[in-house]
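Have a look at the structure below, then the notes.
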Amino acid sequence: MSEKKHKVRDIFIEGPIDPQFVADSLAKHATRMDIGAHELFLGQVRADGVAGADDRPSATTVEAIAFTAYRDMALERMTDIREEAFALWPSMICLHVHHSLGRIPAGQLCFFVFASSPHRKAAREAVAWVVDRIKADLPIFGKEIFADETHTWKTNRSVDPSGRPDHQ
Amino acid sequence: MSEKKHKVRDIFIEGPIDPQFVADSLAKHATRMDIGAHELFLGQVRADGVAGADDRPSATTVEAIAFTAYRDMALERMTDIREEAFALWPSMICLHVHHSLGRIPAGQLCFFVFASSPHRKAAREAVAWVVDRIKADLPIFGKEIFADETHTWKTNRSVDPSGRPDHQ
Amino acid sequence: MRVHLFGILAEKAGSDVVELEGAATDELRAEFRRRFPNTKGLMFAMAVDRKVVNGNQPLNGNEEVAMLPPFAGG
Amino acid sequence: MRVHLFGILAEKAGSDVVELEGAATDELRAEFRRRFPNTKGLMFAMAVDRKVVNGNQPLNGNEEVAMLPPFAGG
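Protein chains in written order, with the working numbering: chain L, 1 to 168; chain H, 1001 to 1168; chain X, 2001 to 2074; chain P, 3001 to 3074.
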């Protein structure tokens, strides 16, 4: 849990994030007597409905998202984000980030950001900022697999889809 | 988990909040296919150090907080807060609040606010708002018990300590 | 009438309920201060029927009245 | 040089790595578009040595180059 050193740490885990993992992570902090506030964000795969399309005869729903990543780049960017977060919120005591790879069925957890601090403001603000930065900066890709076996590629909203739009 | 009805529900639990309880609460949401984001706040008792004082020979640290509440009033105010929260964030799917009563040792969890929504903004904003409102509006009292057996009464910061200051 | 006490007020009064007479919340406050001079300097709010009172509220004697020291939840 | 492909680009190219020739990132882009006309209309960023490129970056051929469709983490 001593987190202030910014070595590259692996955030990726294969498959869904187990709620039990969240409990174990929380429980480990009971030895830190200076923590007063924990803020946790968890992303869960939604079974969004989609309309029919050229390659899809009728409306269907998301059954799972298959996540892939450009691992080395993602871990480098995560190290930068972690360093920036500790600089922005120096009172933050620890920050844990986990993201799933592979096929995550709807209803399962795929993303977990967890910050702890003496008072709630730092943990709250840091989690919001880190979640947004990860969505914008980490090269993680998601294939939405529909119940009818078709698929589409997920794109994060309100995030510039590429460093340089390519309209060639 | 169907939460939109605003009957009075008991938020109080005797003793610390078990991390396992958090895991179980999370796991129950795997059947809700419209949830994309969970935001959780947890309060943990800090072993704050305090200086010596008239009734305390030397510096000491908080060993536990003993929480009491004006139960009926707290539950009425919580019902109001819940209603307001669902009005302010209509996309919120559920909101769970738990607060400990009794003696909570340093390092243990005493407060848990958990909101879920399709997208992260509603859950994030609702948790921040609900946590602040609970700290300001719920008649919950905390006796900080020090390692040397002395005690003091906790007061939430940046919260008006009483509806009407009494300087008589 | 019966007045419920919490936190440090209950501690100082040695009880979590006191009998006080008064036709309005300010009278109960004053009576409480007289009966328990060891609460001098402690701020508290009053609640009538589980709602915090602003100003001085008249009472008919059938209300649920409480004296509330600063809140510390969370 | 070896160029790594991800997500929909890997799917359209049928591989997660392609050999492309070019002295700068724009040349690799153009070559990729020629080789895989089925990626027409798909936007992507390029990364050189694991950093997103802004503009056109010259290459010596020893870099780690990747083509990145829109991110979808979280």
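All C-beta atoms, glycine included, are put in the ideal place defined by N, C-alpha and C.
* Asked: According to the Cβ coordinates, are L:Thr152 and L:Val50 closer than 9 Å?
  -> yes
* To do: Look up H:Trp1129 in the DSSP assignment and say whether it is helix, strand or coil.
  => In the structure shown, H:Trp1129 sits in a helix (DSSP, three-state: H, G or I).
* **Any C-beta of chain L under 9 Å from that of H:Asp1024** => yes
* Got a sec: is the Cβ-Cβ distance from H:Val1131 to anything in chain L below 9 Å? -> yes
* To do: Flag this pair as yes or no: are the beta carbons of L:Gly15 and L:Ile140 separated by less than 9 Å?
  => no
* To do: Return the CA-CA distance between H:Met1033 and X:Leu2068, expressed in angstroms with no decimal places.
  => 43 Å
* Asked: Mapping DSSP to helix, strand and coil, what is L:Leu109?
  -> strand
* Assigned exposure category for X:Pro2070 - 16 Cβ within 10 Å defines buried -> buried
* Shortest alpha-carbon distance to X:Leu2005 belongs to which of X:Leu2042, X:Asn2060 and X:Asn2056? -> X:Leu2042
* Asked: Checking contacts by CB at 9 Å: is H:Ala1047 closer than that to chain X?
  -> no
* Asked: Would DSSP call P:Leu3059 helix, strand or coil?
  -> coil
* Asked: Among the residues of its own chain, which have a CB less than 7 Å from the CB of L:Asp80, if the five just before and after it don't count?
  -> none
* **8 Å CB neighbourhood of H:Glu1063 in its chain, flanking five on each side removed** => Correct list, in chain order: Ala1047, Pro1105, Ala1106, Ile1145, Phe1146 and Ala1147.
* Within this structure, are the beta carbons of H:Gly1142 and H:Ala1053 separated by less than 9 Å? -> Result no, Cβ atoms of H:Gly1142 and H:Ala1053 do not sit closer than 9 Å.
* Mind pulling the chain L residues with CB within less than 9 Å of P:Ala3047? -> Residues of chain L with a Cβ closer than 9 Å to the Cβ of P:Ala3047 are, in chain order, Tyr70, Met73, Pro139 and Gly163.
* Asked: Residues of chain P with CB under 9 Å from L:Glu76, in chain order?
  -> The answer, in chain order, is Arg3050 and Lys3051.
* Those residues which DSSP pairs with H:Gln1044 across a bridge -> DSSP output for H:Gln1044 lists H:Leu1109 as bridge partner(s).
* Could you name each continuous beta strand (DSSP E) segment of 3 residues or more that falls completely within the region 1050-1126 of chain H, going from the start of the chain to the end? => 1060-1069, 1094-1105 and 1109-1117
* Asked: When the Cα atoms are used, what is the spatial distance from P:Gly3007 to H:Cys1110?
  -> 44 Å
* Taking contact to mean at least 3 C-beta pairs separated by less than 8 Å, is the region 1036-1047 of chain H in contact with the region 1116-1126 of chain H? -> yes
* Asked: Apart from the five residues on each side of it in sequence, which residues of its chain come closer than 6 Å, Cβ to Cβ, to X:Ala2045?
  -> Val2052 and Leu2068
* Asked: Which value, in whole angstroms, describes the spacing of the CA atoms of H:Gly1043 and H:Ser1100?
  -> Taking C-alpha positions only, H:Gly1043 is separated from H:Ser1100 by approximately 10 Å.
* **heavy atom of the ligand MN below 8 Å from X:Val2065 C-beta** => The ligand MN is absent from the structure shown, which contains no ligands of any kind.
* L:Val97 versus P:Asn3060: straight-line alpha-carbon distance, rounded -> Going by the C-alpha atoms only, they are around 35 Å apart.
* **8 Å contact criterion, which H:Asp1072 and X:Arg2050 should meet: CB distance rounded** => 6 Å
* To do: Consider the Cβ of P:Leu3059: report whether some Cβ of chain L lies at a distance smaller than 9 Å.
  => no
* Asked: Looking at the C-beta of H:His1151, does it have a partner C-beta in chain L at a distance below 9 Å?
  -> no
* Asked: Closer than 9 Å, CB to CB, is L:Thr31 near chain H or not?
  -> yes
* Asked: Is DSSP giving X:Gly2007 helix, strand or coil here?
  -> helix
* To do: Rank P:Pro3037, P:Gly3014, P:Glu3011 and P:Ala3030 by C-alpha distance to the C-alpha of P:Asn3056 and give the top, closest one.
  => The residue with the shortest Cα to Cα distance from P:Asn3056 is P:Ala3030.
* **Candidates H:Phe1112, H:Met1078 and H:Val1130, of which the one nearest H:Trp1089 by Cα** => H:Val1130
* What is the DSSP secondary structure of H:Thr1155, reduced to helix, strand or coil? -> coil
* **Amino acids of chain P, ordered along the chain, whose beta-carbon sits closer than 8 Å to that of L:Lys135** => Phe3071, Gly3073 and Gly3074
* **Per-residue burial, H:Thr1060 [other beta carbons within 10 Å of its own, 16 or more giving buried]** => buried
* Buried versus exposed call for H:Lys1028 [16 or more other C-beta atoms within 10 Å across all chains shown] -> Counting every other CB atom within 10 Å of its CB across the protein chains shown gives H:Lys1028 a total below 16, marking it as exposed.
* Burial state of L:Ala177 (16 or more Cβ within 10 Å) -> No information on residue 177 of chain L is available, as it lies outside the stretch 1 to 168 that chain L covers here.
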